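Below is one structure; the comments refer to it alone.
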Amino acid sequence: MKVIRQTVKFDKKLLDKNAVKVIDTIHKAGFEVYLVGGCVRDLLLGLRPKDFDVATNAKPEQVHKLFKRSRLIGRRFRLVHVMFSARNFIEVATFRSGKVQTAKSGVIVRDNCYGNIEDDVIRRDFNINALYYDIKKHQVIDYVGGLIDISNKEIHMIGEPTLRFEQDPVRMIRAVRFQSKLSAKLSPEIHASILNQAHLLSHVSPARLYEECIKLFHNEYAFEVFESLEKYGLLQCLFKQTHKNSFIKKALLNTSARIKQNKPVTPAFLFAVFLWQAQNERFIVIKKKQKSFYLAMAKASEEVIITQIQQVSLPKWLTARIKDIWMMQSKLEKMHPKKVQELLDNPRFRMAYDFLLLRSKSINPELLETAKFWTKVQN
Ligand code: ATP
Ligand code: MG
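Structure, rendered in structure tokens:
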């Protein structure tokens, strides 16, 4: 394979101190070791990387032995987490080959064959994600043309998109996310393959998709991602009960604005927004037979959530919060004088109020006065 080595000096302040420590230790023990993947891509683009991943030719057991506070994890592929605190760790992966054992469906079941850096390159998803950085030599190592793609803002697949998406359909939503994140263009081959193969996403385990969905929407370009997912037919494999409306648009733009301002966001809020319309429709049907408003609400909520978790699993605490937000809407709408204080004291008030406010500014303009009332009384 042809290799390009380009000298790039990243500002030390941009590099994660713990990642540098890990690399130093592995390097001193005589192994080859690099920063790899998304962090190199983001550094080159002048973005702050979310996490710093390390790749080495040392075997997981050898890495584990070098760090007292480390643990071996993963079944499908073994990795080492070097711990710096309960939440803060650096992931170290051993170079492995693209050779994979696949099931009949084409899905990868095992890919733990170790290899060299060239093998490691071709198992990665996109050219832009297959760059290695040697922090000692200040060199970016590029086997696939990732540097050119970064400067041209283009996303090309390593290998044949049809095959690589078959092996792991999650790569399709990664492509869509990186397209928005980097304002980049997907290669025509990727574009065509996703249009053809979007349906494969429904074979991915709901548990894995939960994590991926948070990455899709908790960012500064969430609405754009939503629209692309819909355009490619991927959205219906994640949220088949969800269809774009002005409320969803407002909520996604609002989430992005909060992230820009470093305000906290919770996935419960967005999921509640995504499923609100379906919940309302279910409620109308159920209410015809069920006299009690609350029982009908509870039943509609439960049914919509059960349908959802067949696609993307949601933890129990999160579905409980979604139901709270929904249940509180009618209480807020009533503005019952005796209940005002009780509602203000409810720990979920803030979220339910934000939800009502966005409804009033989108699908329910008749609630503008109600929203004003709640804005006033909480101050
Ligand atoms: P970000 O951290 O911004 O989400 P990233 O590219 O760092 O983006 P990670 O999930 O952290 O994404 O993965 C790190 C690297 O691992 C990627 O850059 C890519 O090289 C490789 N990778 C991740 N997921 C896949 C996949 N499904 N198929 C092939 N390679 C992958
Ligand atoms: Mg990353």
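Numbered per the numbering used here, the sequence shown spans residues 1062 to 1440. We treat Cβ as the ideally placed atom computed from N, Cα and C, and that holds for glycine. If you're wondering where the values come from, they're calculated on a predicted model, not measured in any experiment.
Per the Cβ contact rule, the segment 1401-1412 is not in contact with the segment 1353-1367 (fewer than 3 Cβ pairs under 8 Å). The beta-carbon distance between Arg1132 and Pro1121, rounded to whole angstroms, is 10 Å. This is too long to meet the 8 Å contact definition. For Ser1158, the CB contacts under 6 Å within the same chain, skipping 5 residues up- and downstream, are Cys1174, Gly1176 and Asp1180 in chain order. Contact annotation: Ile1386 and Ala1333 have beta-carbon atoms nearer than 8 Å.
With a beta-carbon spacing of about 7 Å, Gln1258 and Met1233 fall inside the 8 Å limit used to define contacts.
Closest by C-alpha distance to Tyr1095, out of Lys1352, Asn1149 and Val1083, is Val1083. Counting C-beta pairs with one atom in each stretch, the segment 1284-1297 and the segment 1338-1356 have fewer than three that are closer than 8 Å, which means they do not touch.
Assigned with DSSP and collapsed to three states, Glu1363 falls in helix.
DSSP places Arg1132 within a strand segment (E or B) once states are collapsed to three. If you draw a straight line from the Cα of Val1326 to the Cα of Leu1262, it is about 26 Å long. Around the CB of Thr1068, fewer than 16 other CB atoms lie within 10 Å, so the residue is classed as exposed. About 5 Å separates the beta carbon of Ile1151 from that of Val1143, a gap short enough to meet the 8 Å contact definition.
The DSSP-derived three-state label of Arg1232 is helix. Near ligand 2, meaning a Cβ closer than 5 Å to any of its heavy atoms, lie the following residues in chain order: Gly1099 and Asp1112. By the neighbour-count criterion, in which 16 or more other beta carbons inside 10 Å mark a residue as buried, Val1115 falls on the buried side. Ser1212 sits away from Ser1307, with the two beta carbons spaced by 8 Å or more. Nearest in C-alpha terms to Gln1372, of all of Val1231, Ile1251, Phe1300 and Ile1178, is Phe1300. Contact between Leu1417 and Leu1428 holds, since their C-beta atoms are separated by about 6 Å, short of 8 Å.
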